[in-house]
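Numbering (the UniProt record's numbering), first residue to last: 1 to 241. For each residue, glycine too, the CB sits at the ideal point set by N, CA and C. In what follows, a structure is listed as structure tokens, so that the remarks can point back to it.
Next up, the structure:
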């Protein structure tokens, strides 16, 4: 009887061991599937669009000493009169993290260019409507001013892409969605909304149609939908720059 009990315990331990191994394998498989799905969502920008948009999109990061304050994406506007390049992004890059977004001038700004070179930047224009800020950096031949056309219209139910440039990896990524069509499509500040989901580092990035036309600038605002500044409003605000 004692021998049978010992044999049963050994079989039980062996079965438990196989179950634990199986759970680890399943957990790893599920994790891999989730990772693959996320990758499919955020890295599905086509090569054609990437080629068209890449020279006009950069990533930015601000630092308080050695501590990173905020990461964002920026749209290249044009060469500045001083010989540098101007980049439009969200004011969250250089502001306090509360709703007031008060300027934090002591922050150091860095930009990762399309060629993966990291360069310094500085604030050129801060007090712009729609929580926008213009950052200036030194000229680079790899940068190309984005084409902002006020006549580009967002059609109801059209497919849109929220594009971001990752500061650490240098990758160009996107998420897909549609414009919000309804009474709440414009808020009291003049922002419009889309169903494209972005993370904080997508703030300042372009919202584009499937032809690569920029229809607005995204701004992360911790809401169910992503708000954006329409291109015609951007051009009005940048008239004197």
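Exposure label - residue i; buried when at least 16 CB within 10 Å
| i | result |
| --- | --- |
| residue 207 | buried |
| residue 201 | buried |
| residue 210 | exposed |
| residue 38 | Low local confidence applies: a pLDDT of 34 at residue 38 is under 50, so the model's placement there is unreliable, with the coordinate-based value given in what follows. Exposed, by the Cβ-count rule. |
| residue 136 | buried |
| residue 227 | buried |
| residue 242 | There is no way to answer for residue 242, as the model of the chain reaches only from 1 to 241. |
| residue 62 | buried |
| residue 233 | buried |
Beta carbon of residue i nearer than 9 Å to that of residue j
| i | j | result |
| --- | --- | --- |
| residue 60 | residue 163 | no |
| residue 205 | residue 121 | no |
| residue 214 | residue 166 | no |
| residue 134 | residue 150 | no |
| residue 103 | residue 90 | no |
| residue 177 | residue 159 | yes |
| residue 180 | residue 194 | yes |
Alpha helix (DSSP H) segment containing residue i, residue limits
| i | result |
| --- | --- |
| residue 233 | 231 to 237 |
| residue 51 | 47 to 53 |
Identified DSSP bridge partners for residue i
| i | result |
| --- | --- |
| residue 165 | 172 |
| residue 228 | 192 and 218 |
| residue 136 | 86 and 122 |
Among the options, nearest to residue i - alpha-carbon criterion
| i | options | result |
| --- | --- | --- |
| residue 140 | 115, 173 and 132 | 115 |
| residue 138 | 149, 240, 110 and 172 | 110 |
| residue 97 | 239, 220 and 229 | 220 |
| residue 70 | 108, 85, 84 and 196 | 108 |
Range covered by the beta strand (DSSP E) that runs through residue i
| i | result |
| --- | --- |
| residue 89 | 85 to 90 |
| residue 157 | Taken as a continuous stretch (DSSP letters only), residue 157 belongs to no beta strand (DSSP E), as it is neither H nor E. |
| residue 206 | 206 to 209 |
| residue 111 | 108 to 112 |
| residue 144 | Where residue 144 is concerned, there is no enclosing beta strand (DSSP E), given that its DSSP letter is neither H nor E. |
Any non-hydrogen atom of the ligand HEM within 8 Å of residue i CB
| i | result |
| --- | --- |
| residue 195 | You won't find the ligand HEM in this model; it holds no ligand whatsoever. |
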